[in-house]
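K.L.:
If you use this note's numbering, the sequence shown closes out at 167, no skipped numbers anywhere.
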Amino acid sequence: MTYTHKTGVYALYLAAIVLAAVLYFAFDGTDLCGTAPASRYVVNLVCIAVTAAAVFVVVSWEKLGFVARQLQSPDESTVRRAVRVAHFVRTGAFTLTLNFNVLAYCLASYAENPKYCVLISLVLGIMVFPKFDNHHEI
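1) Would you mind reading off the limits of the alpha helix (DSSP H) that contains P143?
2) To the nearest angstrom, report how far apart V108 and A67 are at their CA atoms.
3) At which residues does the alpha helix (DSSP H) containing T126 begin and terminate?
4) Taking the alpha-carbon positions, what's the A168 to V96 distance?
5) Give the straight-line distance between the Cα atoms of Q99 and S89, rounded to the nearest whole angstrom.
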């Protein structure tokens, strides 16, 4: 089996889901924050910030100035590299967000927002699921 760009993107996507499952089963029932309001507030705030940043990156990566210039470049190799980086950045944002929120959900059981952020991360995973067709074939 040869390593291709598709293989790498699908492997990263699969690794995100497997790692999230391992984190959940390894740390389920472990609570490090307790019921302290300050620690719950910090966990809630950080989960929302990480999730919002990942959603921003996934939704607007191709619209950022330097990426848009690379995608509209007349040089085909520059466009190909920009598309590859875009796939990895979007899948990487999903990976980071899902695993961070699963870990926060397990380690801060009394915080309210991590469970909703995990659900948002899973929806984000559906959005970034790599779809390759002949147009995007790399």
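Using N, Cα and C, we set each Cβ at its ideal position, and we do this for glycine too.
P.N.:
Straight from the coordinates:
1) It spans N142 to M156 - the alpha helix (DSSP H) in which P143 sits, taken as one unbroken run.
2) V108 and A67 have their C-alpha atoms some 47 Å from each other.
3) From DSSP, the alpha helix (DSSP H) with T126 extends over E105 to L136.
4) An answer regarding residue 168 cannot be provided, because it is not within the stretch 30 to 167 covered by the chain.
5) Their Cα atoms are separated by approximately 15 Å.
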